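Structure, as structure tokens:
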Amino acid sequence: HEATVGQRIVDRGVPVLAQIERHATVDDALADCGFVLGTTARPRQVRHERITPRQAAPALLQAVAGSPDTPAAVLFGPEDRGLSNVALGRCNAVVIIPTAPDYASLNLAQAALVIAYELWLAARTEAAPWDVQPARLPDAAAALEHLSPAEPLAHSAAREAMFAALEEVLWGMHPNNDAGRVTHTLARLRAVLLRAAPRAEEVRMLTTLFVHIAHERR
């Protein structure tokens, strides 16, 4: 009997596993994503917006509902060191799972389970006795409240092109600056712009502006 139950569980997971895609880099995986959240337990020097899984779930669903042709994503890092700062620089906000202070980090399966559970709760349409009021939407999620298919979120690839143009502007402003300072400034500007969950048209406009400024300063 136990073997039969176990096989049924495996069979139900086959369709999910069949949809797995593998990518060589984070940028490849996020190229067509409009809204990205990263999970982390460590404090970071750059101020990313910090939200809980309960705030993250409705934000992810809203992003997909408002821009159905643009996927949303959650990034999980390796268990030994978590997400890199470069990977978090691709995220609109970071998700912090509340835990005991001395045991901040969860393993990958636990973290994924918590996020999946909150998504399931947020996606349910029927009421249940244990339902609670939704938490206040953070800035990155509040920016999605009036999202419509007519104004889709910018894909990650387009955002990275915008940030590349912005980096060229920074080097043009300070040609003798050291790489560390430019990198730190760019990381802070990334966090500011990604909190706004920019639309595709907004990113195209900003990219054009940054390219023009960089060209004028040459």
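Residue numbers (our numbering): -4 to 213.
Beta carbons: idealized from backbone N, C-alpha and C, even for Gly.
This structure is a prediction, so every number in the text was calculated from the model and none was measured.
CA nearest to the CA of serine 143, picked from Val69, Gln57 and Val109: Here the question's residue 143 lines up with position 148 in the sequence shown. Serine 143 has its Cα closest to that of Gln57, out of Val69, Gln57 and Val109.
7 Å CB neighbourhood of arginine 185 in its chain, flanking five on each side removed: Position 190 of the sequence shown, counted from the first residue, corresponds to residue 185. The residues are Gly84 and Phe158.
9 Å Cβ cutoff met for leucine 32 and valine 81: Within the sequence shown, residue 32 is the residue found at index 37, counting from 1. Within the sequence shown, residue 81 is the residue found at index 86, counting from 1. No.
Own chain partners of alanine 99 with C-beta closer than 8 Å, once the 5 adjacent residues on each side are dropped: Indexing the sequence shown from 1 puts residue 99 at position 104. Cβ within range, chain order: Ala36 and Arg37.
Other residues of its chain near alanine 209: CB distance less than 6 Å, five sequence neighbours each side excluded: Walking along the sequence shown from the start, residue 209 turns up at place 214. Excluding positions up to five away in sequence, the list reads Glu163, Val164 and Gly167.
CB-CB length for proline 147 against arginine 194, believed under 8 Å: Position 152 of the sequence shown, counted from the start, is the residue given in the question as residue 147. Position 199 of the sequence shown, counted from the start, is the residue given in the question as residue 194. Indeed, because the Cβ distance is near 7 Å, the residues count as touching under 8 Å.
Selection from Ala152, Leu103, Val69 and Thr178 that minimises the alpha carbon distance to threonine 202: Stepping through the sequence shown from its first residue, residue 202 is reached at position 207. Nearest of Ala152, Leu103, Val69 and Thr178 to threonine 202, Cα basis: Ala152.
Identity of the residue in Ala26, Leu161, Ala192 and Ala111 nearest threonine 178 by Cα: The residue you call residue 178 lines up with position 183 of the sequence shown. Comparing Cα positions, the closest option is Leu161.
Counted within 10 angstroms of its Cβ, other Cβ atoms place glycine 8 as buried (16 or more) or exposed: As a working note, residue 8 is residue 13 in the sequence shown. That one is exposed.
When Asp97, Ala107 and Cys86 are compared against leucine 25, the one with the closest alpha-carbon: As a working note, residue 25 is residue 30 in the sequence shown. Per the Cα distances, Cys86.
Isoleucine 92 (DSSP reduced to helix, strand or coil): For the purposes of this step, residue 92 is taken as the residue at position 97 of the sequence shown. It is coil, neither helix nor strand.
Beta-carbon proximity of alanine 138 to alanine 67, cut-off 9 Å: Numbered from its first residue, the sequence shown carries residue 138 at position 143. Numbered from its first residue, the sequence shown carries residue 67 at position 72. Result no, Cβ atoms of alanine 138 and alanine 67 do not sit closer than 9 Å.
Among Asp23, Thr47 and Ala145, the one whose alpha carbon lies nearest that of glycine 61: What you label residue 61 is simply residue 66 of the sequence shown in a count that begins at 1. The shortest C-alpha separation from glycine 61 is found at Ala145.
Those residues which DSSP pairs with glycine 8 across a bridge: As a first step, residue 8 must be located in the sequence shown, where it is residue number 13. In the DSSP output, where bridge partners are listed per residue, glycine 8 has none listed.
Nonlocal neighbours in the same chain, by C-beta distance under 8 Å from aspartate 27, ignoring five residues either side: The residue you call residue 27 lines up with position 32 of the sequence shown. Result list for aspartate 27: Thr65, Pro66, His150, Ser151 and Ala152, in chain order.
C-alpha gap between leucine 114 and phenylalanine 71, whole angstroms: Numbered from its first residue, the sequence shown carries residue 114 at position 119. Numbered from its first residue, the sequence shown carries residue 71 at position 76. Approximately 15 Å, taken between the alpha carbons.
Exposed unless 16 or more other CB atoms sit within 10 angstroms - verdict on valine 21: Taking the first residue of the sequence shown as position 1, residue 21 is located at position 26. Result: buried.
Between the CA atoms of histidine 43 and alanine 107 - distance to the nearest angstrom: On the sequence shown, residue 107 is found 112 positions in, with the first residue counted as 1. On the sequence shown, residue 43 is found 48 positions in, with the first residue counted as 1. One C-alpha to the other measures close to 20 Å.
Buried/exposed call for alanine 52, threshold 16 Cβ in 10 Å: Against the sequence shown, residue 52 aligns to sequence position 57. With 16 or more Cβ atoms within 10 Å of its Cβ, alanine 52 is classed as buried.
Paired residues, beta bridge with glycine 33 - DSSP: Sequence index remark: in the sequence shown, residue 33 carries index 38 (1-based). According to DSSP, which records beta bridges pairwise, glycine 33 is partnered with Leu70 and Val89.
Secondary structure of leucine 148, DSSP reduced to three states: In the sequence shown, the residue the question calls residue 148 occupies position 153. Leucine 148 falls in the strand class under three-state DSSP.
Histidine 180 to alanine 111 span [Cα, whole Å]: Here residue 180 refers to the residue found at position 185 when the sequence shown is read from its first residue. Here residue 111 refers to the residue found at position 116 when the sequence shown is read from its first residue. One point to set straight first is that residue 180 is threonine, not histidine, in the sequence displayed. In a straight line, the C-alpha of threonine 180 is about 34 Å away from that of alanine 111.
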